[in-house]
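If you read the sequence shown in my numbering, its first letter stands for residue 87, the second for the next number, and so on.
We put the CB at the ideal spot given by N, CA and C, even for glycine.
Following: one structure in C-alpha cells, then a few remarks.
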Amino acid sequence: MAHVGALPQIHRYITTHDANGKAIFSTNIPEVNPMKAHSDGIAFALSYTTKGFPVDLTDDGDINVYKGYLEDAPGLVVSGGTVLRHVDIPPNTKCAMHRTVSLDYGAVLEGEIELLLDSGEKRLMKRGDVAIQRGTMHQWINHSRAEWTRMLFVLQPCKPLTVAGEAFGEELAGMEGVRKSD
Numbered sequence: 087m088a089h090v091g092a093l094p095q096i097h098r099y100i101t102t103h104d105a106n107g108k109a110i111f112s113t114n115i116p117e118v119n120p121m122k123a124h125s126d127g128i129a130f131a132l133s134y135t136t137k138g139f140p141v142d143l144t145d146d147g148d149i150n151v152y153k154g155y156l157e158d159a160p161g162l163v164v165s166g167g168t169v170l171r172h173v174d175i176p177p178n179t180k181c182a183m184h185r186t187v188s189l190d191y192g193a194v195l196e197g198e199i200e201l202l203l204d205s206g207e208k209r210l211m212k213r214g215d216v217a218i219q220r221g222t223m224h225q226w227i228n229h230s231r232a233e234w235t236r237m238l239f240v241l242q243p244c245k246p247l248t249v250a251g252e253a254f255g256e257e258l259a260g261m262e263g264v265r266k267s268d
C-alpha cells in the first residue's frame, strides 16, 4: 500500500508477552503507522516513544506511555525519554534550519538528503548513512527533482548545551506541525 510520495506504508511490530510469559505481538496499537503530511509536504510518523530511564516494560507500561503520545503528540524530544520518528521529505524540499536540545541519530532509509550546518558545511547522505546530531543548528535538503527521502530518527534529550560560555536552546524556526519539546 503506497502513501504520500509513493513510499511504502510503515508498519511497526511491537512485541509483548502473553499470560504464560511467551513472546507475542501486541494488538494494543495498530501495526500500520500512518504518516501525517504538513502543507510543505514533509510527513512525520511517531513510531515509538518512551518516558523514564530505565524503561518500564511491566504490564505494557511503555506501550501505555506511547499510546498517550499518539493521542497528544510530543515536541521533537520527550524530556526523560526517547522518540523514534520516521520523516518523509518530498523532492525539491528543505526543512527550516533548526536545533533541538537532544542527541539524535538520523539514518537515511530511502533516497538521498543533504545535511547542511549553520557553518555552511554540508554532507550528502545516501541510503544507509547516519548522522549523529549533537545539538547543532542544521537543515535537511532533498535536492532530487523526483525521488523522495525517508529518514528514521531516534532522539534522546541531553543536558543544555553550552559552547564558549554561550547556552543554546531549542530553535525550531516555526517548523510547521512541530511544537516545543516538554
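Asked                                                                                           : Found
Where Leu241 falls, given that 16 or more other Cβ within 10 Å makes a residue buried           : buried
Residues that DSSP places opposite Lys180 in a beta bridge                                      : Ile227
Boundaries (first-last residue) of the alpha helix (DSSP H) holding Lys83                       : The question about residue 83 has no answer, for the chain in this structure spans 87 to 268.
Endpoints, beta strand (DSSP E) assigned at Asp126                                              : Segment: none, Asp126 is in no beta strand (DSSP E) and carries neither H nor E.
C-beta contact flag for Gly167 and Phe239 at 7 Å                                                : no
Three CB pairs or more closer than 8 Å across the segment 250-260 and the segment 176-188       : yes
Member of Lys180, Ile96 and Phe139 whose CA lies at the smallest distance from the CA of Ser125 : Lys180
C-alpha gap between Ile227 and Leu201, whole angstroms                                          : 7 Å
Rounded Cβ spacing between Leu247 and Gly221 (contact assumed at less than 8 Å)                 : 4 Å
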